[in-house]
Amino acid sequence: MSLGNIITGIVIQARNGSSRFPRKMMQKINGKTILEWVLDRAGKARVDERVVVTSYLPEDDEIEDIAKSKGWKVLRGHPTDVLSRYAKATEFFGLDNVIRVTGDCPLIDPLVIDYALENFLQKDVDYLVTTKIIDGFNFEVMKGLSLIHISEPTRP
Numbered sequence: 248m249s250l251g252n253i254i255t256g257i258v259i260q261a262r263n264g265s266s267r268f269p270r271k272m273m274q275k276i277n278g279k280t281i282l283e284w285v286l287d288r289a290g291k292a293r294v295d296e297r298v299v300v301t302s303y304l305p306e307d308d309e310i311e312d313i314a315k316s317k318g319w320k321v322l323r324g325h326p327t328d329v330l331s332r333y334a335k336a337t338e339f340f341g342l343d344n345v346i347r348v349t350g351d352c353p354l355i356d357p358l359v360i361d362y363a364l365e366n367f368l369q370k371d372v373d374y375l376v377t378t379k380i381i382d383g384f385n386f387e388v389m390k391g392l393s394l395i396h397i398s399e400p401t402r403p
C-alpha cells in the first residue's frame, strides 16, 4: 500500500536451522515448499517492499535462492537473533512500517494483511497484532522506528 513517501514492507523470517523441525521451510505441501507458499500468498499483500530475512549460514542459501527467484529481496544476518535481522532490514530498506510474518505460516492471507494494515494506518498506532485468529494466519504490523528502537539493547 503505497502512501507517498511512507514505505511499508512485509518482512518474512525464515531459516533451516530449527532444532524442533530442521529444514521446515523446505518441506513440500502439494508440490511447493512451505517457503514458496508463504512468499506466494504474502506477496499478494499491497506493500512497497517484500523482504526475506534469513541467517548467514550456508544451510540457508536455498532460502535466499527461492526468495530471489520469487522476486523478493533478501537480507542475511545472525542465525538466532531474529530481532536484529528485522531491525537491519528496516534500516537497510528504509521501512516506515513493517509487517512481520514467520516463514512457517503457509496459510497467511494477503486480504487479512491488507485489512490489518489499513487499521494500523487509520488508528496511527505503533504496533498491531492479529489476535483471535487461526494459528498460521497471524502476523504483526509495527512502525519501523519502534522496531529499531526496541532492538538497540541487543545490537552490537
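Numbering (my numbering), first residue to last: 248 to 403. Built from N, CA and C at the ideal position, the CB exists for glycine as well. Quick caveat, the model's predicted, so the values are computed rather than measured.
Which first and last residues belong to the alpha helix (DSSP H) in which Q369 is found?
In the DSSP annotation of this structure, the continuous segment of the alpha helix (DSSP H) that includes Q369 starts and ends at P357 to K370.
Rounded to the nearest angstrom, what separates R267 and L392 at their Cα positions?
32 Å
By DSSP, does K335 sit in helix, in strand, or in coil?
In the structure shown, K335 sits in a helix (DSSP, three-state: H, G or I).
In the structure shown, what three-state DSSP assignment does R297 receive?
strand
For the region 253-269 and the region 324-332, state whether three or more C-beta atom pairs, one from each stretch, are separated by less than 8 Å.
yes
Pair every Cβ in the region 267-280 with every Cβ in the region 334-342, then say whether three or more of these pairs are closer than 8 Å.
no
Range covered by the beta strand (DSSP E) that runs through D346:
Before going further, note that residue 346 is Ile rather than Asp in the sequence given. Note, I346: beta strand (DSSP E), N344 to T349.
Take I395 and list the residues in its own chain whose beta-carbon comes closer than 7 Å to its own, dropping the five residues that flank it on each side.
A334, T337 and E338
Boundaries (first-last residue) of the beta strand (DSSP E) holding L375
L375: member of the beta strand (DSSP E) spanning Y374 to V376, first to last residue.
Rounded to the nearest angstrom, how far is the Cβ of V285 from that of I355, given a contact under 8 Å?
6 Å
What distance in whole Å lies between the Cβ atoms of F367 and V388, which are believed to be in contact at a cut-off of 8 Å?
4 Å
Sequence-distant residues of the same chain with beta carbon closer than 6 Å to V376, five excluded per side
If we look at V376 and ignore the five residues flanking it on each side, its Cβ neighbours are E387.
Among Q260, I253 and T255, which has the Cα closest to the Cα of V321?
Q260
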